[in-house]
Each structure stands twice: as structure tokens, then as C-alpha cells.
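Notes for the one structure printed next.
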Amino acid sequence: MINKMNKAIDLFKSKAMIKFKQRVFNGEKYNIKYVLNIASGSDNLIIIFTACTKIGQPARYNYVRTLDKYKCNKLFILDDFGFDNRGAYYLGKNKDFAIQNDVNLLINQVIQKLNIKRSIFIGSSKGGYAAMYFGIGIKDSIIISGAPQYMLGDYLNLPGHQNILNYIMGDSEESSVEYLNRVMKIKIDENRNNNNSVYLHYSINEETYDSDIKHLVYQLDNLGINTIKDIKEYMNHSELTKFFPAFIRETLDKQL
């Protein structure tokens with residue numbers, strides 16, 4: 017009951033943000049929707065990415081209520097691309113990978129404009145993938161990621177996700193699946209010396225652990241990237257929303 021109530025509050029806050037605070041960043045190819053809450057005197061920036069909504073529900077901002085108490089700059093970035101406006105993993109369309117380029121431009125513009133000294137990237141599932149992908153490229157950043165995908169091609173090639181695969185890659189060929197499987201691995205490997213700190217929440221019993229999370233953990237450990245793990249034992253990926261907000265607050269309470 018409490019979790020349902022919290023979700024209802026989050027939905028209300030997200031809709032209010034979209035109606036009253038949302039702005040559009042005109043990128044080189046794509047328009048990126050975002051909300052920027054500026055905290056005077058703060059040189060910390062939290063960047064929050066969106067998880068995938070249920071079929072029929074448009075993309076919305078996440079963890080608004082969870083982050084309310086923190087008096088720092090917050091950049092909420094919406095991923096409303098894709099065939100049904102539920103997201104394209106902030107990557108691109110038809111292999112152009114131009115969405116990720118424009119998202120990077122937005123993030124870097126805000127960092128420079130506000131003279132940010134420390135960036136904190138947050139997201140879960142699809143948003144967790146984005147937090148890892150964009151956060152690992154910023155030196156000294158903190159990444160708080162909940163059960164992110166890793167073998168993205170395999171994940172999007174599952175029933176119910178193939179439309180997203182087709183949107184990002186233009187097809188669902190084996191070569192496209194394998195390409196997306198390598199994206200995160202390459203990104204992390206290329207930025208292994210960026211002195212990032214990764215706060216990773218996951219369950220060893222949910223369905224994406226064997227297919228995705230354990231491979232991510234192996235790479236992070238193998239490269240010696242500072243990784244703090246919050247390991248749970250819940251059974252379903254969907255239960256992430258019950259446990260991850262507490263980990264966000266626990267981590268931010270130590271960092272801010």
C-alpha cells in the first residue's frame with residue numbers, strides 16, 4: 017500500500033514537472049526534454065535518468081520525491097524517444113547514436129554553466145544503464161545505478177522489447193544485437209581511468225542477474241573500478257522500485 021502511494025505521489029510530481037518546469041534543449045540532431053532545478057550556492061549536480069514505463073504510459077521523470085530533501089542542483093532528463101515514446105536508452109535511432117551525443121552536450125553545458133565540481137548520476141533499469149553510460153565518461157563522478165541492463169542487445173531482443181531494438185538499430189539482425197551487447201563494455205573499458213565511484217544496487221535472485229548484472233559486476237571488479245554493492249535477494253526485477261530509493265538516500269546522505 018505504501019509503495020503504491022509513493023508511486024502515485026511520484027507520478028503526480030512528474031506530471032507537474034512536465035507541465036510547469038520542463039524545457040527543451042535543442043541538440044545537434046534531437047530535442048532533449050529536461051527539468052533543471054538550480055540550488056544557489058551548490059556546486060553539486062545530480063543527473064537523473066528515466067526508467068521504462070509500462071506499455072501505453074509515456075515516459076516520465078523518476079525519483080523526484082526521493083530527491084526532494086537534497087539542496088543541490090538537479091538535472092532530470094527525459095527519454096521519450098522510441099516507437100511509443102517510452103524511450104530509446106538515450107542512445108539513438110537507426111544506428112545514428114545521436115541522441116546520446118545530444119544528451120552529453122546538455123549535461124556538459126549544465127556542468128559548465130553552473131561551475132559544477134561534482135556530478136552524481138542516478139537511474140534504475142533503463143535509467144541505470146544511462147547512469148552508467150553517461151556517468152562513467154565524467155571524471156570523478158559518482159554513479160548510483162539500480163539493476164541496470166548490460167547485455168543490451170540480448171535484453172532488447174526478448175519478446176516485448178524488440179520494437180525498442182528496431183528503433184535504436186533500425187533492425188533486429190544478429191549483428192545489431194551483438195553490437196548493442198558490446199556498447200556498455202566498451203564504454204566502461206574506455207573510461208576505466210576516470211576515477212569513478214559506482215554504487216550498484218541489485219538482487220542476486222531476479223531475472224536479469226544472470227543475463228546482465230553479474231557480467232557488469234565482473235567487468236567493474238576486473239578493471240578495479242571502485243564499486244560499492246548493495247546486494248539484495250528479491251525475486252523480480254520489478255521489485256527494484258521498492259528497494260532502490262532507500263539506497264539512493266543512503267548513498268546521498270554520505271556524499272552530500
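All letters in the sequence shown, in the order written, are residues 17 to 272 by my numbering. Glycine included, C-beta positions come from ideal geometry on N, C-alpha and C. Remember, predicted model here, so these are calculated numbers, not experimental data.
Under the 10 Å beta carbon count, alanine 262 is surrounded by fewer than 16 other beta carbons and is classified as exposed. Nearest C-alpha to phenylalanine 99 among Ile184, Asp226, Ser219: Ile184. Along the stretch 128-216, the beta strand (DSSP E) occurs as fully enclosed runs of 3 or more residues at 134-140, 158-162, listed in sequence order. Shortest Cα-Cα distance from isoleucine 132 to any of Tyr149, Ser157, Gly143 involves Ser157. Per the DSSP secondary-structure output, arginine 39 pairs in a beta bridge with Tyr50. Three or more pairs of CB atoms, one per stretch, sit closer than 8 angstroms, so the stretch 132-149 contacts the stretch 102-110. By the neighbour-count criterion, in which a residue is buried when 16 or more other Cβ atoms sit within 10 angstroms of its Cβ, phenylalanine 260 is buried. In this structure, Phe41 is the residue among Ala55, Asp112, Phe41 with its C-alpha nearest to the C-alpha of lysine 49. Asparagine 221 is positioned such that its CB atom lies closer than 7 angstroms to that of methionine 251. With a contact defined as Cβ atoms closer than 8 angstroms, glutamate 249 and serine 219 qualify at about 6 angstroms.
Taking every protein chain shown into account, the CB of asparagine 60 has 16 or more other CB atoms within 10 angstroms, so this residue is buried. For aspartate 100, the secondary structure class from DSSP, reduced to helix, strand or coil, is coil.
The beta-carbon separation of serine 188 and asparagine 182, rounded to 6 angstroms, stays under the 8 angstroms limit for a contact.
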